[in-house]
Amino acid sequence: MKKYTLLLIILFSANHLIAQETVVLDSINFYGSLRAHVAIYDEQVEVQNNSSRIGFYLNRRMVNGVAGFGKLELGTNLVQNNNTFNSDAATFPDESFYNETQPAFTTRLGYIGLQSKYGSIAIGKQWGVYYDVTAWTDLFWIYGGKASGTYNTNTDGGTEGTGRAENAVIYRYSAERFSLGLQAQFIGEKQNYAASAVANVTDQISVGAAFNTYAPTQDILDLVGGSKTHANSFVVGFRYKTDKLNLAANYDFNQSESQFPGDTVVAFPANGVELYANYFLLPKLSVVGGFNYLKPTSTPEIIDPDFNLLLIMIGAAYYFVPDFLAYTEYKIDLGTDTGGNKPANVFAIGFRYNFDFGKSKVKI
31 MKKYTLLLII LFSANHLIAQ ETVVLDSINF YGSLRAHVAI YDEQVEVQNN SSRIGFYLNR
91 RMVNGVAGFG KLELGTNLVQ NNNTFNSDAA TFPDESFYNE TQPAFTTRLG YIGLQSKYGS
151 IAIGKQWGVY YDVTAWTDLF WIYGGKASGT YNTNTDGGTE GTGRAENAVI YRYSAERFSL
211 GLQAQFIGEK QNYAASAVAN VTDQISVGAA FNTYAPTQDI LDLVGGSKTH ANSFVVGFRY
271 KTDKLNLAAN YDFNQSESQF PGDTVVAFPA NGVELYANYF LLPKLSVVGG FNYLKPTSTP
331 EIIDPDFNLL LIMIGAAYYF VPDFLAYTEY KIDLGTDTGG NKPANVFAIG FRYNFDFGKS
391 KVKI
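Just remember that the numbering used here sits 30 ahead of the position in the sequence shown, which is counted from 1.
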């Protein structure tokens with residue numbers, strides 16, 4: 031516990047360091063997002079954490095327009111258990127939604143890099159380029175992100191590189207209305223690769239596509255009983271965004287969708303569709319709705335032949351101030367799980383507080 035206390039002291043002290051050493055530190059931020067709610071499901075009522083996090087971001091201007099940057103973001107658990115329905119909350123490859131042993135802090139992101147007019151390159155654990163497209167629909171207050179292949183096997187997508195990619199080297203370049211991302215993961219004898227391209231057709235309309243190829247380690251092949259040396263994922267997306275309306279959709283083909291029938295992990299090809307819509311009825315009141323749908327193109331015998339994922343999400347949020355809001359969301363589960371059963375519907379209501387202190391702003 032002492033090391034966590036020391037870490038917090040260092041983070042909070044960073045903001046005071048700016049005023050004292052403005053010549054040395056060009057930009058430093060301390061930021062975070064505290065999130066918790068009450069969930070009602072399957073005749074249970076439970077307080078849950080909702081992917082809370084704290085972190086800091088550094089940016090150092092150097093010669094000839096080159097800047098160095100670094101970021102560390104820690105997930106933090108506000109409650110006694112780790113039960114959550116938020117896909118983004120997972121951090122470890124062996125951490126399922128109902129693991130009750132998560133420590134108080136876990137590493138969400140940690141990377142360092144250089145930026146210039148020719149683009150940026152970063153090394154470490156960071157959002158993968160596949161998420162450049164799937165992020166558009168991963169904006170529900172709690173649920174969602176289940177049909178795009180981003181968070182396979184209830185993880186953060188770190189091993190496959192589709193979510194918060196581990197051991198990654200990522201190059202990004204933006205020019206006016208076009209951006210490009212190239213990614214490589216170096217994990218011992220295995221290498222994974224990914225690429226993305228996004229075009230901002232107008233100020234409101236964006237289209238994008240991303241590809242990810244994943245080489246499972248032998249341990250994972252032994253676990254899932256597979257023999258393929260590579261598994262590919264491909265996604266295309268669309269977004270229309272104004273001050274009042276945010277509408278987005280994606281379609282995904284994933285060769286390594288993974289599920290847990292009992293104590294076994296199996297992988298199979300599947301197609302997925304996600305739709306997200308958010309609209310401000312009033313300056314402080316927004317409503318949200320959408321769905322996730324995933325259907326295997328073929329299934330192993332261990333999985334029920336009727337298995338499919340169909341989630342419908344509806345909700346609302348009230349902003350007391352721009353950084354503090356109350357939200358509610360209801361997930362209607364119309365799918366069939368791997369055992370042929372109907373999953374429970376879930377209703378939740380909670381609060382979110384975003385904060386950001388420093389010379390530049392960090393997207394939370």
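Positions of the beta carbon are idealized from the N, C-alpha and C atoms, including for glycine.
Less than 8 Å between C-beta atoms, sequence neighbours within five positions excluded: which residues of the same chain meet that for residue i?
i	result
F216	N197, V199
Q74	none
Report back the beta-carbon spacing between residue i and residue j to the nearest angstrom; my notes put them in contact at under 8 Å.
i	j	result
V93	L144	Contact doesn't hold; Cβ gap of about 12 Å is too wide.
I84	L104	6 Å
G302	S226	In fact, because the Cβ distance is near 17 Å, the residues do not count as touching under 8 Å.
L102	G140	5 Å
L64	S82	5 Å
Which residue wins for smallest C-alpha separation from residue i, given the options the options?
i	options	result
A245	V228, F381, Q221	Q221
S117	A378, N262, Y173	Y173
S286	L364, S263, G187, N280	S263
I342	V68, Y148, P373, F268	P373
Y357	K147, W171, N322	W171
F241	N80, V228, G320, F337	V228
L305	N80, Y181, Y270	Y270
Y281	L312, Y223, G238, T185	G238
R91	K147, V303, D334	K147
L212	G98, S82, Y223	Y223
F321	Q74, Y349, L355, D363	D363
G218	D233, T189, Q234	T189
T185	Q78, L312, R138	R138
Quick check: what's the CA-CA separation for residue i versus residue j?
i	j	result
E76	G175	22 Å
A205	T136	35 Å
E359	F385	22 Å
I344	Y161	23 Å
I278	V163	Sequence check: residue 278 is Ala here, not Ile. The straight-line gap from Cα to Cα measures roughly 10 Å.
A382	A300	Here residue 382 is Arg; the residue named in the question, Ala, does not match the sequence. Cα-Cα distance, rounded: 34 Å.
D353	F60	15 Å
A69	D56	43 Å
L340	G365	5 Å
A378	T329	32 Å
Q156	I142	10 Å
E331	N338	15 Å
S209	Q110	42 Å
T232	G98	31 Å
D336	K314	42 Å
G319	A165	16 Å
T180	L312	32 Å
L355	Q78	17 Å
Y201	Y71	42 Å
A214	V265	18 Å
Y349	K274	14 Å
G187	Q234	29 Å
A152	A195	12 Å
Is it true that the CB of residue j sits closer than 8 Å to the CB of residue i?
i	j	result
G154	G191	no
L380	A119	Checking the sequence shown, residue 380 turns out to be Gly, not Leu. In this structure, A119 does not lie closer than 8 Å to G380 by Cβ.
V376	K361	yes
G149	Y203	yes
T106	A134	yes
F399	P326	The chain is shown only over 31 to 394; residue 399 falls outside these bounds and no answer can be derived.
H260	T243	yes
Here's a check: name, in chain order, each residue in its chain whose Cβ is nearer than 6 Å to the Cβ of residue i, leaving out the five neighbours to either side.
i	result
N276	N308
T167	A278, N280, E304, Y306
N230	R207, S236
E51	A caution first: E51 carries a pLDDT of 40, below 50, which makes its placement in the model too unreliable to give a value.
G100	L88, I142
L169	Y306
Going by beta carbon distance, what residues of the same chain come within less than 7 Å of residue i, once the five residues before and after it are set aside?
i	result
S316	N308, Y309, F310, A346, A347
D334	T366, T368, G369, G370
Y323	A177, G302, V303, L339, L340
G193	G158, Y161, T180, Y181, D186, G187
Please tell me whether, using a cut-off of 7 Å, the distance from the CB of residue i to the nearest non-hydrogen atom of the ligand SAM is below it.
i	result
V266	In the structure on display, the ligand SAM does not appear, and there are no ligands present to speak of.
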